[in-house]
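K.L.:
This is the structure, below, for whatever I ask next.
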Amino acid sequence: MFTQESQFNIFRVLYDAVVFEILGFGFLTLGGDRISELPDSSRSQILLLLTTKDSIKTSVLSTRWRDIWLHVPGLDLRVDDLLLMFLEWIGPSVERRIQHLDVETDIVSCMPQNIYKSNTLVSLKLVAVGLETPNSDVSLPCLKIFPLEHILYDDDSLTLEKLISGCSVLEDFTMIRQTYTPGTVMLSLRMRSQSLKSFRLTFEYTMEGADFSVEIDAPKLKYLSFKDKQSDKIVIKNLSSLLKIDIDTEFHAKYGDALDPKERMKRYTISDFLTGSLSIFNPIPIFDNLYRLQAASCSYMLQLLPIFLESCPNLKDLVLDCFVSTEPELTELSYVPQCLLSSLESFEIRGLSMDEETGKKLVRYFLENSVLLKKLILRFKDYSIPNYDSDILKGIRTFTKRSHKCQIIIH
1 MFTQESQFNI FRVLYDAVVF EILGFGFLTL GGDRISELPD SSRSQILLLL TTKDSIKTSV
61 LSTRWRDIWL HVPGLDLRVD DLLLMFLEWI GPSVERRIQH LDVETDIVSC MPQNIYKSNT
121 LVSLKLVAVG LETPNSDVSL PCLKIFPLEH ILYDDDSLTL EKLISGCSVL EDFTMIRQTY
181 TPGTVMLSLR MRSQSLKSFR LTFEYTMEGA DFSVEIDAPK LKYLSFKDKQ SDKIVIKNLS
241 SLLKIDIDTE FHAKYGDALD PKERMKRYTI SDFLTGSLSI FNPIPIFDNL YRLQAASCSY
301 MLQLLPIFLE SCPNLKDLVL DCFVSTEPEL TELSYVPQCL LSSLESFEIR GLSMDEETGK
361 KLVRYFLENS VLLKKLILRF KDYSIPNYDS DILKGIRTFT KRSHKCQIII H
């Protein structure tokens, strides 16, 4: 690795050499040409430290330097005033069998069609550009890393579906969806990949009058980051390989809402989430490899917790951030998932309040039903030493513990 000082010295030597050569002073007459004695691979790495413009200037030094800039493994192009020229360069760059391409523009323009065909691209990052529907089959057989941010599509989900179908070894896909005007933003996102291992989706904006949906089918997926507060329909299936999942979404469902058809469908989203069916009775997929789970929920939604935990049969560590709401209090929990009977060892509840009953009911449920529980941690928002004898804590100390090894820790 070159330090910042060494990079500057190299640049100064090369820059002075170019100036002297242009002025008619031979480079060799100024104390020797030690850099030219380096192997071509080393000199191309040195030129990588320069801007592409300065790298090209070194071609006048000598015959040994004439073509070295063509072998530099990267380009640093600064063409803010020549956007159209910049876009014209993308096609030839792809044809030169590059492996990594990162394109970000201030003015949205469509990428050339040949970007859909490359036998060498390993990573492709596109930010704030337009993508037209491929006019032929997509062929990106080496592409493994593919971030897309704020892309405009000319044909909704068809463009992305054809694009992903041509990435046979894709492993890491990131998508930040944007909303501008109907007709330029993807309404229906379908991610279907047999090779994908990591998927990050972010979609937090709002647009009135648009129906957004998400469908993910990736049997080899190991990591999923799902931050979508806009989509009304969410279908995720084939998650047998999943090891870690981060979820940040809003269901927009409240008890007592008007029972018009649209609100009813939004409410069903809660039970449809992470399922492959519209039936509210279908089970959530089983997460066999999930050992630690951190989740956040409003207190009135906690009655859904045992149903979700049934899909985590090997869960050992559960952390729950609880937010007290104005909705009806948590009803008594009766159903006991498998993980409480055979694997759960640690349960931590955060954000509880001394003057509400939700925490008391939740603690009692886990103490009375967790066979292997070793540690129960309670974190109250308003806890202090004088409150140690409050009614809720007195009640907790009287609960029956199914696991005699369980230690209760209060913060």
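The opening residue of the sequence shown carries number 1 in full-length UniProt numbering; numbering runs sequentially from there. Even glycine gets a Cβ: it sits at the ideal position worked out from N, Cα and C. Computed from a prediction, not measured in an experiment: that's the story for all the values here.
For Met191, write down the residues that DSSP places opposite it in a beta bridge.
P.N.:
As a first step, residue 191 is located in the sequence shown; it is residue number 191 there, counting from the start. Partner(s): Ile216.
K.L.:
Going by C-alpha to C-alpha distance, which of Glu132, Lys233, Leu352 sits closest to Asp211?
P.N.:
Indexing the sequence shown from 1 puts residue 211 at position 211. That would be Lys233, whose Cα lies nearest to the Cα of Asp211.
K.L.:
Are the CB atoms of Glu345 and Leu373 nearer to each other than 8 Å?
P.N.:
Within the sequence shown, the letter at position 345 stands for residue 345. Within the sequence shown, the letter at position 373 stands for residue 373. For Glu345 and Leu373, yes; Cβs fall inside 8 Å.
K.L.:
If you follow the beta strand (DSSP E) that Tyr335 is part of, which residue opens it and which one closes it?
P.N.:
As a first step, residue 335 is located in the sequence shown; it is residue number 335 there, counting from the start. It is not in any beta strand (DSSP E) - Tyr335 carries neither H nor E in the DSSP assignment.
K.L.:
Leaving out the 5 sequence neighbours to the left and right, which residues in its chain are closer than 6 Å to Asn289 when beta-carbon positions are compared?
P.N.:
For this step, residue 289 is matched to residue 289 along the sequence shown. Excluding positions up to five away in sequence, the list reads Leu243.
K.L.:
Taking 7 Å as the limit between beta carbons, can you name the residues of its chain near Leu23, skipping five residues before and five after?
P.N.:
The residue you call residue 23 lines up with position 23 of the sequence shown. Note that Leu23 scores 40 on pLDDT, short of 50, meaning its location in the model is unreliable; the coordinates nonetheless yield the value given after this. Nothing listed; no residue qualifies.
K.L.:
Going along the chain, which unbroken runs of the beta strand (DSSP E) with 3 or more residues stay wholly within the segment 38–83?
P.N.:
none
K.L.:
Terminal residues of the continuous alpha helix (DSSP H) containing Leu362?
P.N.:
Here residue 362 refers to the residue found at position 362 when the sequence shown is read from its first residue. Leu362 -> alpha helix (DSSP H) spans 358–369.
K.L.:
Are the beta-carbon atoms belonging to Leu378 and Ile349 less than 8 Å from one another?
P.N.:
Residue numbering aside, residue 378 sits at position 378 when the sequence shown is read from its first letter. Residue numbering aside, residue 349 sits at position 349 when the sequence shown is read from its first letter. In this structure, Leu378 sits near Ile349, with a CB-CB distance shorter than 8 Å.
K.L.:
Between Leu224, Pro147, Cys110, which has its C-alpha nearest Asp248's C-alpha?
P.N.:
Position 248 of the sequence shown, counted from the first residue, corresponds to residue 248. Here the closest residue by C-alpha is Leu224.
K.L.:
Please list the terminal residues of the continuous alpha helix (DSSP H) segment that includes Phe287.
P.N.:
For the purposes of this step, residue 287 is taken as residue 287 along the sequence shown, with counting starting at 1. From DSSP, Phe287 is part of no alpha helix (DSSP H); its letter is neither H nor E.
K.L.:
Which first and last residues belong to the alpha helix (DSSP H) in which Phe308 is found?
P.N.:
For the purposes of this step, residue 308 is taken as residue 308 along the sequence shown, with counting starting at 1. First-last of the alpha helix (DSSP H) with Phe308: 305–309.
K.L.:
When the Cα of Lys316 is compared with those of Phe347, Lys57, Ser55, Ser241, which residue comes out closest?
P.N.:
Locating residue 316 in the sequence shown gives position 316, where the first residue counts as 1. Comparing Cα positions, the closest option is Phe347.
K.L.:
Taking just the CA atoms, how far does Phe287 sit from Asp172?
P.N.:
Counting from 1 along the sequence shown, the entry for residue 172 is found at position 172. Counting from 1 along the sequence shown, the entry for residue 287 is found at position 287. Whole-angstrom Cα-Cα distance: 21 Å.
K.L.:
Helix, strand or coil: how does DSSP classify Ser198 here?
P.N.:
Your numbering for residue 198 matches position 198 in the sequence shown. Three-state result, Ser198: strand.
K.L.:
Compute the Euclidean distance between the alpha carbons of Ile115 and Ser93, then round it to the nearest angstrom.
P.N.:
Counting from one through the sequence shown, the residue named residue 115 turns up at place 115. Counting from one through the sequence shown, the residue named residue 93 turns up at place 93. Cα to Cα, Ile115 sits roughly 9 Å from Ser93.
K.L.:
Quick one: residues in its chain with C-beta nearer than 8 Å to the C-beta of Cys406, no 5 flanking neighbours on either side, listed in chain order?
P.N.:
Here residue 406 refers to the residue found at position 406 of the sequence shown. Result list for Cys406: Leu367, Ser370, Leu373, Lys374, Lys375, Leu376, in chain order.
K.L.:
Just the Cα atoms here: how many angstroms apart are Ile98 and Thr120?
P.N.:
On the sequence shown, position 98 is the one that residue 98 refers to. On the sequence shown, position 120 is the one that residue 120 refers to. C-alpha separation (whole angstroms): 6 Å.
K.L.:
Once you ignore the five residues that flank Ser168 on each side, which residues in its own chain have a CB closer than 7 Å to its CB?
P.N.:
Taking the first residue of the sequence shown as 1, we reach residue 168 at position 168. Pro141, Ser195, listed in sequence order.
K.L.:
Nearest to Val73 by alpha carbon, out of Leu61, Ser342, Ser42, Gly91?
P.N.:
Here residue 73 is taken as the residue at index 73 of the sequence shown, counted from 1. The residue asked about is misnamed: residue 73 is Pro in this sequence, not Val. With distances taken between Cα atoms, Pro73 lies closest to Ser42.
K.L.:
Helix, strand or coil, according to DSSP, for Leu121 in the structure here?
P.N.:
One-based indexing of the sequence shown puts residue 121 at position 121. It is coil, neither helix nor strand.
K.L.:
Between which residues of its own chain and Ile409 is the CB-CB distance below 6 Å, once the five residues before and five after are set aside?
P.N.:
Residue mapping note: residue 409 aligns to position 409 of the sequence shown, counting from 1. Excluding positions up to five away in sequence, the list reads Ile377.
K.L.:
Less than 8 Å between the beta carbons of Lys144 and Leu170, yes or no?
P.N.:
Start at 1 with the first residue of the sequence shown, and residue 144 comes out as number 144. Start at 1 with the first residue of the sequence shown, and residue 170 comes out as number 170. A contact, by the Cβ cut-off of 8 Å.
K.L.:
Rounded to whole angstroms, how far is the Cβ of Thr174 from the Cβ of Leu148, which I believe are closer than 8 Å?
P.N.:
Your numbering for residue 174 matches position 174 in the sequence shown. Your numbering for residue 148 matches position 148 in the sequence shown. With a Cβ gap of about 7 Å, Thr174 and Leu148 count as contacting.
K.L.:
Taking DSSP as the reference, what is the three-state secondary structure of Gln294?
P.N.:
If you number the sequence shown from 1, residue 294 lands on position 294. Residue state, collapsed to three classes: strand.
K.L.:
Report yes if the C-beta distance between Tyr365 and Leu320 is below 8 Å; otherwise report no.
P.N.:
Looking up residue 365 in the sequence shown gives position 365. Looking up residue 320 in the sequence shown gives position 320. No, the Cβ-Cβ distance between Tyr365 and Leu320 is not below 8 Å.
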